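Visitor: Numbering of the sequence shown is given in our numbering, commencing with residue 30 and proceeding in unit increments. Just so it is clear, CB atoms sit at the ideal spot from N, CA and C, and this is done for glycine as well. Because the structure is a prediction, the values reported are computed rather than measured. Attaching a single structure in structure tokens format; questions to follow.
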Amino acid sequence: MADEAHPRTLLSPHGEPPAYFTFPSLTALRLPHATTTRHCPGVASFAEPISPAHPRAPFREDAVATLAAAGLDLSRVAYARQVHGAEAARAPAGGGFAGLVDVITTVERAVPLAVFTADCLAILLYDPGVPALAAAHVGWRGTARGAAQTAVRAVESLGGRASRVHAAISPSIGPCCYEVDEPVMLQFAKAYPGRWEAWATPARPNHIMLDLWGANAALLEEAGMDPARIENPRLCTACHPDLFFSYRKGHRGRLVTLAALP
Ligand SMILES: [Zn+2]
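Right, here's the structure in full:
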């Protein structure tokens, strides 16, 4: 059984690296979900971006088979062309392309919502009371633009209540490895005056280490969520190149975080 601090791994008995992790809090709620590692086959890389004109789900057959084991039917997956913004869209009925957005929502059963990352945060939000689901792609731009708060509001617009929402934060770049420079600092100072300093640690001159985990947990709480319902395994993509893709480390592969209403 996994401890509180780490997602339950799906290491095979032969000791092969896991293709994906799951979050204990979401597993306890019987929500089908997964966040892949670099060992999940068949996920298209960032070298194959999603074309809005001719969108195709960025998965091949081996990913379909691997993620079926997590209870996810990729023939019904909903996905977006992520643009580092804070706009939300409903998944099309039965899945498919949701547009140029960074937050996808659904109230439809068995439609997996997919968010692609390689250092950015994927945040899953689940209100079992509706039930309603949201998946958000949140990097520094998304954090400054309020993508996490947008995701909470989107669940509320589907009949959800922020205090009832459960959230999970995918493996992503941690404050240990995320050095940013002045343009990023300026955007945060503008978006969150007097507050963003709590998410910054001094680094080299004119740089800070930015804590996107702390920032987004704080912003979710401000949006009305119970902090006890925010799961963050604190797995840094840059610290674990054996397990994850990290854009900062020069990787171009994509991790995908998915969930579907049961
Ligand atoms: Zn790190």
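Check the DSSP bridge columns for E260 and list the partner residues they point to.
Guide: By 1-based counting over the sequence shown, the position of residue 260 is 231. Its beta-bridge partners are A197.
Visitor: Going by C-alpha to C-alpha distance, which of M238, A143, P47, L154 sits closest to M254?
Guide: Taking the sequence shown and counting its residues from 1, one reaches residue 254 at position 225. The candidate whose alpha carbon is nearest that of M254 is L154.
Visitor: Unbroken beta strand (DSSP E) runs of length 3 or more, entirely within the stretch 48 to 127: which are they?
Guide: Qualifying beta strand (DSSP E) stretches, in chain order: 49 to 51, 62 to 65, 117 to 119.
Visitor: Could I get the ranges of all uninterrupted beta strand (DSSP E) runs contained in the stretch 222 to 287, with 3 residues as the minimum, in chain order?
Guide: Segments of the beta strand (DSSP E) lying fully in the stretch 222 to 287: 229 to 231, 236 to 239.
Visitor: Give a yes or no on contact between the stretch 240 to 256 and the stretch 169 to 178, applying the rule of three or more CB pairs nearer than 8 Å.
Guide: Short answer: they touch.
Visitor: For D210, which residues does DSSP report across the bridge?
Guide: Position 181 of the sequence shown, counting from 1, holds the residue named residue 210. Note: D210 sits in a beta bridge opposite H236.
Visitor: If you run the structure through DSSP and keep just helix, strand and coil, what is A147?
Guide: Here residue 147 corresponds to residue number 118 of the sequence shown, with the count starting at 1. Correct three-state label for A147: coil.
Visitor: Please output, in chain order, the residues near ligand 1 using a CB cut-off of less than 6 Å to any non-hydrogen atom of the ligand.
Guide: Spelled out in chain order, the answer is G203, C205, C206, C265, A267, C268.
Visitor: Check whether the Cβ atoms of G71 and T95 sit closer than 8 Å, and answer yes or no.
Guide: Numbered from its first residue, the sequence shown carries residue 71 at position 42. Numbered from its first residue, the sequence shown carries residue 95 at position 66. In this structure, T95 lies closer than 8 Å to G71 by Cβ.
Visitor: Could you please give me the residues that DSSP links to V167 through a beta bridge?
Guide: Reading the sequence shown from its first residue, position 138 is the one you call residue 167. Note: V167 sits in a beta bridge opposite L150.
Visitor: Measure the C-alpha to C-alpha separation of Y108 and E137 and round it to an integer number of angstroms.
Guide: Along the sequence shown, read from residue 1 onward, the residue named residue 108 stands at position 79. Along the sequence shown, read from residue 1 onward, the residue named residue 137 stands at position 108. The straight-line gap from Cα to Cα measures roughly 14 Å.
Visitor: Work out the CA separation of H62 and S275 for me, nearest whole Å.
Guide: On the sequence shown, residue 275 is found 246 positions in, with the first residue counted as 1. On the sequence shown, residue 62 is found 33 positions in, with the first residue counted as 1. Using only the alpha carbons, I get a separation of about 21 Å.
Visitor: Could you pull the DSSP bridge partners for T135 from this structure?
Guide: For this step, residue 135 is matched to residue 106 along the sequence shown. Per DSSP, L162.
Visitor: Using only the alpha-carbon positions, how far apart do H269 and C206 sit?
Guide: The count along the sequence shown starts at 1 and reaches residue 269 at position 240. The count along the sequence shown starts at 1 and reaches residue 206 at position 177. So the alpha carbons of these two residues sit roughly 11 Å apart.
Visitor: I believe G189 touches V159 by the beta-carbon criterion, under 8 Å. Please report the beta-carbon distance rounded to the nearest angstrom.
Guide: The residue labelled residue 189 in the question sits at position 160 within the sequence shown. The residue labelled residue 159 in the question sits at position 130 within the sequence shown. With a Cβ gap of about 5 Å, G189 and V159 count as contacting.
Visitor: Excluding the five sequence neighbours on either side, which residues of its own chain have a C-beta within less than 6 Å of the C-beta of P256, listed in chain order?
Guide: Indexing the sequence shown from 1 puts residue 256 at position 227. Excluding residues within five positions, the ones whose Cβ falls inside 6 Å are E250.
Visitor: Nearest CA to the CA of V144: which residue from D156, V130, P157?
Guide: Locating residue 144 in the sequence shown gives position 115, where the first residue counts as 1. Minimum Cα distance to V144 is reached at V130.
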